[in-house]
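Here the structure is laid out as C-alpha cells; the discussion comes afterwards.
As C-alpha cells, then:
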C-alpha cells in the first residue's frame, strides 16, 4: 500500500529501507531543494522533502509566517506517518529550515517519539539575534540578499512571471525568520545534533553554528564543507557520506 504523504512531503526516490530523513528547506525554497540529496541517499536512507504552503505544488495556499507554527504542523504530519522504535527518523534543516526543524524536533521529543539525529545546516543557533537585525526588507532588498547568498538562478531573478511566483513565499519566510524569538529551555533536545556549514558562507560562520551544542544534552559535532551558503549542492558526495555515517551509528530509540 502506497504511503499517504499528503501535501506536506515529497519523495524523489522509491527506496523503502533505512532511516527516514525529513528535510526542511531554506527561505523561499520547497521540497524540490532536496531532490538530488534524496536520490543520492537511496537506498540506505529514505529522504522526504518538506513542502511548505505557498510554493511549488502548494502555490494556491496562503504562506505561513510563523516558524514555530510550521514546525508544529510538520511534527503532527510526521506523527501521522508513524514514528517509534520500529520506525526511526532524523531531521535535516537548511538555513531557515533548521529553525523550523528544531521547532518540530522539540515537539516530537516532548511526545516521546523524538528523532535519532538532527542536522542543523547553514543556520545560527535558535537564540541568536537575526542577522538582519529583525528588519523586514522590501522586495528589492530581498532579491539583493538572495543574490548575495547565491540562492537561485539568474533566470528566476530577471523573469517577472517567475518573480511573481517566488516573492510571496520569500516575503513570508524572511518575515518569519526576522520575527522569530526563542525563549525556551537550553538544552531543548536530547538527540545528537550535527552542525553543518560552508566555509565561504557570507551569512553563517562556523562560530555561528557551534552554539547549537548548547541546545542538546546529547553529543554535538560541527562539519565544514567547501562552498557558500548553498554548499549542499556543491558537496553532494561529502554531505551524503556524513549523513549515512551519522545515521548508521545512532542507536534506534
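Numbering (this note's numbering), first residue to last: 46 to 298.
Glycine included, each C-beta is placed from N, C-alpha and C at the ideal position.
Check: Which residues mark the beginning and the end of the beta strand (DSSP E) in which residue 66 is found?; Outcome: 64-69
Check: By the 10 Å Cβ neighbour count, where 16 or more other Cβ atoms means buried, how is residue 185 classified, buried or exposed?; Outcome: exposed
Check: Which residue wins for smallest C-alpha separation from residue 188, given the options 174, 173, 207, 172?; Outcome: 207
Check: Considering only residues of the same chain and omitting the five flanking positions on each side of residue 153, which have a CB-CB separation below 6 Å?; Outcome: 120, 159
Check: Taking C-beta to C-beta, are residue 110 and residue 220 nearer than 7 Å?; Outcome: yes
Check: Quick one: what does DSSP say residue 136 is sitting in, helix, strand or coil?; Outcome: strand
Check: Looking only at its chain, what residues have a beta carbon closer than 7 Å to the beta carbon of residue 248, apart from the 5 residues adjacent to it on each side?; Outcome: 176, 194, 274
Check: In terms of residues, what are the limits of the beta strand (DSSP E) holding residue 269?; Outcome: 265-270
Check: Going by alpha carbons, who is nearest to residue 269 out of 256, 246, 261?; Outcome: 246
Check: Could you say if the segment 163-176 and the segment 97-117 meet the contact criterion of at least three C-beta pairs nearer than 8 Å?; Outcome: no
Check: Let me confirm a value: residue 140 is counted as buried when at least 16 other C-beta atoms fall within 10 Å, else exposed. Which label applies?; Outcome: buried
Check: Using a Cβ distance threshold of 8 Å, determine whether the segment 209-227 contacts the segment 251-258, with at least three qualifying pairs required.; Outcome: no
Check: Nearest by alpha-carbon distance to residue 81: which of 240, 57, 70 is it?; Outcome: 57
Check: For residue 148, count neighbouring Cβ atoms within 10 angstroms of its own Cβ and tell me buried if that reaches 16, exposed if not.; Outcome: buried
Check: When DSSP labels each residue in this structure, what does residue 93 get in the three-state scheme?; Outcome: strand
Check: My understanding is that residue 168 touches residue 203, with C-beta atoms under 8 Å, so please give their C-beta distance in whole angstroms.; Outcome: Contact flag wrong, Cβ pair sits at about 28 Å.
Check: Can a CB atom of chain B be found closer than 7 Å to the CB of residue 50?; Outcome: Note that chain B does not occur in the displayed structure, where there is just one protein chain.
Check: Just grab the DSSP bridge partners of residue 166 for me.; Outcome: 139, 241
Check: Is the distance from the Cβ of residue 63 to the Cβ of residue 76 below 7 Å?; Outcome: no
Check: Buried or exposed for residue 181, please, with buried defined as at least 16 other CB atoms from any protein chain shown within 10 angstroms of its CB.; Outcome: exposed
Check: Any idea if residue 131 is buried or exposed, counting beta-carbon neighbours within 10 angstroms, 16 or more meaning buried?; Outcome: exposed
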